[in-house]
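Numbering (this note's numbering), first residue to last: 83 to 534. All C-beta atoms, glycine included, are put in the ideal place defined by N, C-alpha and C. Just so we're clear, the structure is a prediction, and the values are computed from it rather than from any experiment. Comments concern the structure below.
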Ligand code: PMP
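Below is the structure:
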């Protein structure tokens with residue numbers, strides 16, 4: 083038996099994959115990745131694939147990057163891990179300073195964790211406790227969060243509670259706390275004729291809720307500019323800024339979950355930068371380590387931080403922390419990731435390749451099964467439809483066949499229901515970006531136009 087065959091048997095015998103129906107997966111012919119170099123992944127048979135989903139929206143400077151590898155090895159020679167509970171370490175201090183420097187000015191303190199979900203969990207708990215620490219009686223009812231329909235903030239119960247994707251979250255409804263959900267400002271398939279009407283109507287309903295219920299609302303949590311996991315819903319310009327103003331007016335904390343959109347993904351270092359928004363709390367994860375290791379961070383303003391200070395261990399303390407919080411190796415690679423952003427002028431590169439991706443995708447617009455093309459930076463979704471006029475989704479079987487065909491043709495890509503997502507490695511060249519869309523176009527024709 084060759085190595086790949088043996089590994090596939092062991093994989094289906096021992097591994098339970100995330101977000102995966104194992105009954106289907108084990109009957110499929112899964113790809114087993116052995117190594118990576120630059121923009122490519124290589125499987126155990128030596129076949130190479132362009133990484134069109136940046137290994138789940140995380141990879142920044144390419145796989146097997148010499149500088150990132152070196153940063154890890156250098157730190158390994160000193161120490162792998164010591165705890166941040168009651169002591170500190172060099173990389174976590176340096177990284178916190180760097181994060182405070184590059185994020186919106188208002189954010190002054192960094193609380194580390196290991197996954198995007200945990201960073202959101204922390205943000206929720208912080209926002210809730212903030213009001214209690216300030217004045218337990220006055221703010222006794224500030225226990226709820228405003229959220230967006232179809233929002234996604236992770237898979238732990240707190241982050242599920244502020245999520246709004248029924249297919250993921252409905253089953254857990256008896257375990258989660260109630261949130262107040264607002265219609266998502268996403269025009270395609272909405273009931274609005276234009277963006278202006280949509281944004282006016284949604285902002286109006288947000289203001290009405292805040293006016294009536296601000297005493298109950300601790301914070302407004304949202305994915306700024308693009309709601310990712312739901313199918314890359316892009317918000318109209320100005321929506322985020324208006325939300326910020328409403329939060330200020332009605333004394334509610336603004337929590338921006340930049341786990342997916344942070345670190346260059348939308349063409350600015352952070353999505354908040356596009357509209358000069360200053361959140362009270364910001365969640366970071368995914369690309370923070372350049373796609374190398376798990377790290378997340380929740381950043382807060384000085385005002386939020388100060389509400390947790392006292393001279394007594396048991397008063398106002400934030401009782402939250404994970405074992406590997408602020409791990410040295412993870413923080414070292416994150417620091418080098420950010421240094422490389424600066425050294426390679428990556429944001430300017432993303433702005434150029436974004437134009438390439440956008441214009442190349444738009445050449446496909448007339449295809450009868452392409453209903454919508456939307457995105458920003460290097461985060462685009464192509465919504466596949468059966469009926470363009472009535473915006474009826476393409477059946478999932480055909481969508482999955484297209485994705486499979488892309489893989490056969492050397493492109494790793496993912497779909498979110500009937501939306502094909504283009505979320506490539508951030509330093510991909512123009513040529514590779516074009517190649518990614520060429521492969522997709524070929525597979526689209528192969529499956530839908532009967533060329534196969
Ligand atoms: N927030 C957002 C906006 C996300 O997209 C994700 C993951 N895709 C998360 C939180 C959760 O991150 P993690 O998977 O690292 O827990």
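Exercise for the section: Identify every residue that forms a DSSP beta bridge with residue 117. Expected result: Residue mapping note: residue 117 aligns to position 35 of the chain shown, counting from 1. For residue 117, which the question treats as bridged, DSSP gives the partners 124.
Problem - residue 96 Cβ short of 7 Å to the ligand PMP heavy atom set - result: Counted from its first residue, the chain shown places residue 96 at position 14. Because no heavy atom of the ligand PMP lies under 7 Å away, the Cβ of residue 96 does not count as near it: no.
Exercise for the section: Check whether the Cβ atoms of residue 519 and residue 369 lie closer than 8 Å to each other. Expected result: Here residue 519 is taken as the residue at index 437 of the chain shown, counted from 1. Here residue 369 is taken as the residue at index 287 of the chain shown, counted from 1. Going by C-beta atoms, residue 519 is not nearer than 8 Å to residue 369.
Exercise for the section: Tell me whether the beta-carbon of residue 528 lies closer than 8 Å to the beta-carbon of residue 497. Expected result: Numbered from its first residue, the chain shown carries residue 528 at position 446. Numbered from its first residue, the chain shown carries residue 497 at position 415. Cβ atoms of residue 528 and residue 497: not closer than 8 Å.
Practice task
Any chance you could list the alpha helix (DSSP H) runs of at least 4 consecutive residues sitting entirely within the stretch 142-174, in chain order?
Solution key: 148-158
Problem - When 480, 474 and 485 are compared against residue 270, the one with the closest alpha-carbon - result: As a position in the chain shown, residue 270 is number 188, starting the count at 1. Looking at the Cα atoms, 474 is the closest of the given residues.
Exercise for the section: Assign residue 104 to one of two classes, buried (16 or more other C-beta atoms within 10 Å of its C-beta) or exposed (fewer than that). Expected result: Mapped onto the chain shown, residue 104 falls at position 22. Looking at its Cβ environment, which holds fewer than 16 other Cβ atoms inside 10 Å, residue 104 is exposed.
Handout entry: residue 499 Cβ short of 7 Å to the ligand PMP heavy atom set
Key = Counting from 1 along the chain shown, the entry for residue 499 is found at position 417. No, the beta carbon of residue 499 sits no closer than 7 Å to any heavy atom of the ligand PMP.
Problem - Rounded straight-line distance, which links the Cα of residue 462 to that of residue 424 - result: Taking the first residue of the chain shown as position 1, residue 424 is located at position 342. Taking the first residue of the chain shown as position 1, residue 462 is located at position 380. Those two C-alpha atoms are separated by around 24 Å.
Practice task
Give me whichever residues DSSP pairs with residue 275 in a beta bridge.
Solution key: Numbered from its first residue, the chain shown carries residue 275 at position 193. Beta-bridge pairing links residue 275 to no other residue.
Handout entry: Host beta strand (DSSP E) of residue 364 (start-end)
Key = Stepping through the chain shown from its first residue, residue 364 is reached at position 282. 363-366 is the span of the beta strand (DSSP E), which, as asked, contains residue 364.
Handout entry: Continuous beta strand (DSSP E) stretch holding residue 245: start and end
Key = Within the chain shown, the letter at position 163 stands for residue 245. Residue 245 -> no beta strand (DSSP E), and no H or E assigned at all.
Exercise for the section: Would you be able to state if there are at least three C-beta pairs under 8 Å between the stretch 141-155 and the stretch 414-434? Expected result: yes
Handout entry: Reduced DSSP category for residue 497 - H, G, I as helix; E, B as strand; rest coil
Key = Translated into the one-based positions of the chain shown, residue 497 becomes position 415. If DSSP states are grouped into helix, strand and coil, residue 497 belongs with the strands.
Practice task
Please state if the CB of residue 177 and the CB of residue 416 are separated by a distance shorter than 8 Å.
Solution key: Taking the chain shown and counting its residues from 1, the one referred to as residue 416 is at position 334. Taking the chain shown and counting its residues from 1, the one referred to as residue 177 is at position 95. Yes, these two residues count as a Cβ contact at 8 Å.
Handout entry: chain B contact for residue 169 (CB, 8 Å cutoff)
Key = Structure shown: chain B not included; a single protein chain is present.
Practice task
Give the range of the beta strand (DSSP E) segment to which residue 93 is assigned.
Solution key: To locate residue 93, count along the chain shown from 1; it is residue 11. Counting along the chain, residue 93 falls outside any beta strand (DSSP E), though it belongs to the alpha helix (DSSP H) covering 85-96.
Handout entry: residue 381 - containing beta strand (DSSP E), residue span
Key = As a first step, residue 381 is located in the chain shown; it is residue number 299 there, counting from the start. Where residue 381 is concerned, the enclosing beta strand (DSSP E) stretches over 378-383.
Practice task
May I ask you to list the residues that DSSP assigns as paired with residue 140?
Solution key: Looking up residue 140 in the chain shown gives position 58. According to DSSP, which records beta bridges pairwise, residue 140 is partnered with nothing at all.
Problem - Span separating the alpha-carbon of residue 170 from that of residue 126 - result: On the chain shown, residue 170 is found 88 positions in, with the first residue counted as 1. On the chain shown, residue 126 is found 44 positions in, with the first residue counted as 1. Going from the Cα of residue 170 to the Cα of residue 126 covers about 41 Å.
Problem - Inter-residue Cα distance where the pair is residue 428 and residue 262 - result: Stepping through the chain shown from its first residue, residue 428 is reached at position 346. Stepping through the chain shown from its first residue, residue 262 is reached at position 180. Their backbone Cα atoms lie some 38 Å apart in a straight line.
Handout entry: Near the ligand PMP: residue 199 beta-carbon under 7 Å from a heavy atom
Key = The count along the chain shown starts at 1 and reaches residue 199 at position 117. Checking the Cβ of residue 199 against the ligand PMP gives yes.
Practice task
For my contact list, residue 354 and residue 318 are in at a C-beta cut-off of 8 Å; report their separation, rounded to the angstrom.
Solution key: One-based indexing of the chain shown puts residue 354 at position 272. One-based indexing of the chain shown puts residue 318 at position 236. That belief does not hold up - the Cβ atoms of residue 354 and residue 318 are roughly 16 Å apart, past 8 Å.
Practice task
For my contact list, residue 363 and residue 209 are in at a C-beta cut-off of 8 Å; report their separation, rounded to the angstrom.
Solution key: The count along the chain shown starts at 1 and reaches residue 363 at position 281. The count along the chain shown starts at 1 and reaches residue 209 at position 127. The pair is a contact, with the Cβ atoms about 6 Å apart (cut-off 8 Å).
Practice task
Could you please give the first and the last residue of the uninterrupted beta strand (DSSP E) stretch that includes residue 522?
Solution key: As a working note, residue 522 is residue 440 in the chain shown. It is not in any beta strand (DSSP E) - residue 522 instead sits in the alpha helix (DSSP H) that spans 512-530.
Practice task
Say whether the stretch 85-105 touches the stretch 465-479, bearing in mind that this needs 3 or more beta-carbon pairs closer than 8 Å, one atom from each stretch.
Solution key: no
Practice task
Go ahead and label residue 401 buried or exposed: buried means 16 or more other beta carbons lie within 10 angstroms of its beta carbon, across all protein chains shown.
Solution key: Locating residue 401 in the chain shown gives position 319, counting from the first residue. So residue 401 ends up on the exposed side.
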